[in-house]
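Some notes on the structure that comes next.
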Amino acid sequence: MGKLRARCLLVGDAAVGKSSLSHIFYSGGSLFQKNYNMTAGVELLMKCVNIPETNDTVELYILDSAGKETLAEGCEKMWGEPSLLCLVFDLTNEQSFVNCSGWMERVRTHCQGLRVS
């Protein structure tokens, strides 16, 4: 049985659903936050994920990063070297989609080991 490790970084504007996505995945769909609580900094969650039809598991570290501009700048140091990037935006908020280009630039600047195409 092999054990792999991966770090998934979630970035995007404030209040687009990054924390909701991470908590739903972490809890296997049983936990949905009904009230909005702004993430201040980076919240780290870890979940072991079994890879179907193998004996392998992935120890997945989910880094839920603050989206508010004043908080996000300090978080970049805590991003480290993620294996995966999840760029999150709100379908009902066009500006959150427009701002994705700025988030991509931040990731390219601060996570130089991450291949972003």
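Going by this note's numbering, the sequence shown opens with residue 752, and the numbers climb by one from there. Idealized CB from N, CA, C, for every residue including glycine.
Comparing alpha-carbon positions, the option among Q784, L760, G753 lying closest to L836 turns out to be L760. DSSP places L842 outside both helix and strand once states are collapsed to three, so it counts as coil. Between L755 and D815 the beta-carbon gap is near 21 Å, outside 8 Å, which marks them as no contact.
Ranked by Cα distance from C826, the first of S834, E794, V867, S778 is E794. Here T860 carries a helix assignment [DSSP, helix/strand/coil]. In the three-state reduction of the DSSP assignment, Y812 falls in the strand class.
For L782, the three-state secondary structure derived from DSSP is coil.
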